[in-house]
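Colleague: Convert by adding 89 to the 1-based position in the sequence shown; the result is the number in my numbering.
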Amino acid sequence: MGNKLILGLLLCFMHCSKGPLKKSDDVNRLKVTYFISTNVQKTSVELHWGCSSEAEGYLMYGKEGIENLQYLWLPSKQHFYNVTGLTLGNTYKAAAFCGNIDTSATTYFQNFYTLSGIAEDIKQRGIWILGGMSYSNGPVAQVDLYDPVENKWYEKVSEIPTPRTYSAITSYRSKIYIFGGIVDDTPVNTVEEFDPSTETWKTLETMPVALQGSMAVAGEDAIYILGGSISTSVTSAIPDVVFRFIPEKGDLGTWKILSASNISARVDYSGCSTGGTVYFNSGRASDGSAQLVSDAYVVSGNTTTTTTEASFGIASFGAAAACYRPRPLGPNTEDSPAMFVIGGSSLADKDQPPGAVQSINRVEYYLTPSDTGSNTVNTAPNLPVALYYPATEVSYENRKIYVFGGANVV
């Protein structure tokens with residue numbers, strides 16, 4: 090009788106239930122299918138992840154990613170956890186697991202920023218500085234905000250999800266857009282949108298072609314991309330093409346390629362848009378030489394103007410540009426609209442980044458014909474230092490132009 094009982098238990102163990110090895114194999118085969126953060130606030134965030142099969146959930150999170158551990162005991166294919174007690178304006182890391190914690194297995198990692206707590210009026214009047222290039226020529230992910238009214242910096246407000254160099258950046262309808270650029274010595278077609286109000290990012294429809302060194306400007310109802318190269322050499326610069334992007338059209342935005350004659354093949358254009366016209370100048374031709382000839386693209390006619398736009402005084406590339414557009418109901422409405430071009434390099438070079446630069450400190454402004462009826466370039470006081478590839482923006486509250494970053498050498 091005893092032997093029969095032992096045999097019965099053995100058969101049941103072998104055929105009626107999963108053994109320890111079988112269960113271990115099932116756990117090891119579990120995969121995290123997605124991991125996202127939502128509803129990011131000043132001190133909290135909601136984390137969601139999925140499992141390939143029903144399983145317990147594990148969550149590790151913290152500034153280093155390992156300080157806190159949460160165990161969700163109820164087996165499920167979808168897990169959710171509301172993380173609280175965070176510090177505002179900080180970067181956190183999180184990792185999700187299904188079934189067990191196995192740091193050697195493939196899992197999904199998520200970085201997120203808690204909201205900065207910056208007042209909305211400061212976000213609106215402030216100047217956002219996104220990314221850039223480090224001393225080692227690598228991309229910078231950091232996003233900072235400068236308040237010109239209070240002369241105050243808000244550092245590390247966010248991070249660019251896909252850091253890259255030589256991308257095209259512009260603001261459009263209260264959001265900021267980053268197009269293309271270079272990642273690991275290769276041009277990319279990545280498009281990302283940053284909403285300063287919510288401090289959140291969204292990946293949009295990719296560009297029709299991967300580009301670096303192009304110029305992005307915001308029009309009335311769309312964003313326009315001019316110039317750029319499909320390789321890290323200016324010899325691959327594209328001519329006679331304007332890319333139009335409408336972020337609001339469709340779920341991820343919509344692209345259209347517009348053929349526009351007489352737009353020279355250049356990299357590192359400078360320019361901006363005002364009065365329905367895109368003004369562009371400087372840059373590098375496909376032979377690497379710095380340029381000074383200006384032109385303008387009329388959005389409504391999808392063509393360049395018949396006017397011979399005034400040229401700037403020094404052939405350059407990598408110059409900062411900003412359009413000054415006095416606000417109809419704001420201060421200084423009597424000012425003339427103008428495009429400012431600041432700094433740059435005058436040394437010919439075919440590579441991106443260039444092997445060497447000759448940075449300049451020249452500041453010039455162009456009274457735009459579409460707004461003023463004028464067609465002249467004027468000089469302003471020089472920069473205190475010569476700068477290649479700085480950033481610039483206008484503060485309408487202060488009636489001043491601010492210049493950020495840049496380099497003397499590369």
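Heads up, the beta-carbon is just placed ideally off N, CA and C, and yes, glycines get one too. Just so it is clear, the structure is predicted and the values come from calculations on it, not from any experiment.
#1: Give the single residue among 254, 285, 255, 133 whose Cα lies nearest to the Cα of residue 211.
#2: Can you give the beta carbon distance from residue 129 to residue 234, rounded, assuming they're within the 8 angstroms contact cut?
#3: Would DSSP call residue 111 helix, strand or coil?
#4: Who are the near neighbours of residue 177 in its chain, counting only those whose CB is closer than 7 angstroms to its CB and skipping five residues on each side?
#5: May I have the straight-line CA-CA distance separating residue 455 from residue 209, to the nearest angstrom?
#6: Quick one: grab the DSSP three-state call for residue 116.
#7: Which residues bound the beta strand (DSSP E) around residue 167?
#8: Only counting runs of 3 or more residues, tell me where the beta strand (DSSP E) segments fall wholly within the region 466 to 497, in order along the chain.
#9: Using the Cα positions of residue 112 and residue 125, report the straight-line distance between them to the nearest angstrom.
#10: Measuring only the C-alpha atoms, how far is residue 241 from residue 140?
#11: Report the residue ranges of all alpha helix (DSSP H) runs contained in full by the region 246 to 271; include only those spanning at least 4 residues, in chain order.
#12: Provide the residue span of the beta strand (DSSP E) that contains residue 431, from first to last.
#13: As an exercise, report each continuous beta strand (DSSP E) stretch of at least 3 residues that is fully enclosed by the region 274 to 332, in chain order.
#14: For residue 211, name the three-state secondary structure that DSSP assigns.
#15: How about residue 404 and residue 435: are their beta carbons less than 9 angstroms apart?
#16: To the nearest angstrom, report how far apart residue 319 and residue 254 are at their CA atoms.
#17: Report the option in 182, 181, 264, 171 whose CA atom is closest to the CA atom of residue 215.
#18: Leaving out five residues on either side along the sequence, give the residues of the same chain with a beta carbon under 8 angstroms from the beta carbon of residue 110.
#19: Closer than 7 angstroms by C-beta to residue 114: which residues in its own chain qualify, once you throw out the five before and the five after it? Chain order, please.
#20: What is the C-beta distance between residue 121 and residue 150, in whole angstroms, given that I count them as a contact (C-beta under 8 angstroms)?
#21: Measure the beta-carbon distance from residue 359 to residue 410 and round it to whole angstroms, keeping in mind my assumption that it falls under 8 angstroms.
#22: Excluding sequence positions up to five away, which residues of its chain have a Cβ less than 6 angstroms from the Cβ of residue 116?
Modeller: The short version:
#1: The residue with the shortest Cα to Cα distance from residue 211 is 285.
#2: 17 angstroms between Cβ atoms; not a contact.
#3: Reliability fails at residue 111, whose pLDDT of 39 lies under 50, so the model's placement of it is uncertain and no value is given.
#4: Answer for residue 177: 131, 132, 203, 204, 205, 206, listed in chain order.
#5: Straight-line Cα distance between these residues: approximately 33 angstroms.
#6: Confidence at residue 116 is low in this model, with a pLDDT of 48, below 50, so the placement of that residue should be treated as unreliable; the coordinate-derived value is given next. Assignment of residue 116 by DSSP, reduced to helix, strand and coil, places it in the helix class.
#7: Per DSSP, residue 167 belongs to the beta strand (DSSP E) from 157 to 172.
#8: Complete beta strand (DSSP E) runs here, min 3: 480 to 484, 489 to 493.
#9: In this predicted model, residue 112 has a pLDDT of only 44, less than 50, meaning its place in the structure is not dependable; the value taken from the coordinates is given anyway. If you take the alpha carbons of residue 112 and residue 125, they lie about 28 angstroms apart.
#10: Cα to Cα, the separation comes out at about 45 angstroms.
#11: The qualifying runs do not exist here; there are none.
#12: Note, residue 431: beta strand (DSSP E), 427 to 431.
#13: As far as the region 274 to 332 is concerned, its whole beta strand (DSSP E) runs of at least 3 residues are 280 to 284, 289 to 292, 304 to 307, 312 to 315.
#14: The answer is helix: DSSP assigns residue 211 an H, G or I state.
#15: Yes, they are a contact pair.
#16: Spanning the two alpha carbons is a distance of roughly 14 angstroms.
#17: Nearest C-alpha to residue 215 among 182, 181, 264, 171: 264.
#18: Residue confidence is low: residue 110 scores 36 on pLDDT, short of 50, so the model does not pin down where it sits. Its coordinate-derived value is still stated next. The beta carbon of residue 110 lies closer than 8 angstroms to none in the same chain, with the five residues before and after it left out.
#19: Because residue 114 carries a pLDDT of 49, less than 50, the predicted location of this residue cannot be relied on, and no value is offered for it.
#20: Taking a contact as a CB-CB distance under 8 angstroms, the pair residue 121 and residue 150 does not count as one, their CB atoms being some 14 angstroms apart.
#21: Yes, they are in contact, since the Cβ atoms of residue 359 and residue 410 sit about 4 angstroms apart, within 8 angstroms.
#22: Reliability fails at residue 116, whose pLDDT of 48 lies under 50, so the model's placement of it is uncertain and the value that follows must be treated cautiously. Here the set comprises 188, 189.
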